[in-house]
Amino acid sequence: MKKVGRLIDKYLGEISPDQGLNISRFRDVAQSLPDSARNCFDGVYRARDIYLENYGICISISALSSTSSFGDLLVF
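Note that UniProt numbering gives residue 1 to position 1 of the sequence shown, counting from 1, and the numbers run on in steps of one.
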């Protein structure tokens, strides 16, 4: 499961610069794995930073909120 987690995090890094990627799709891909599938969340943080850098906008906290613990990762 850890290998799948690394693969998903790398995939997030690849798709995050895509201008057509909306926040809900990004969040859905990131949340597709349980937290236990990742050793750390560095890949998710990196992908989030790339996504926000490419959009150059502030996304509202309500768009990033989630019922899972992953929502806390995206709120800064």
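Beta carbons: idealized from backbone N, C-alpha and C, even for Gly.
query, result
"Distance, residue 55 Cα to residue 1 Cα", "31 angstroms"
"Cβ distance (whole Å) where residue 29 is taken to contact residue 51 below 8 angstroms", "Not quite, the Cβ-Cβ distance comes to about 11 angstroms (not below 8 angstroms), so this is no contact."
"Reduced DSSP category for residue 7 - H, G, I as helix; E, B as strand; rest coil", "helix"
"Short Cβ contact (8 angstroms threshold) for residue 5 with residue 46", "no"
"Residue 52, DSSP secondary structure in three states", "helix"
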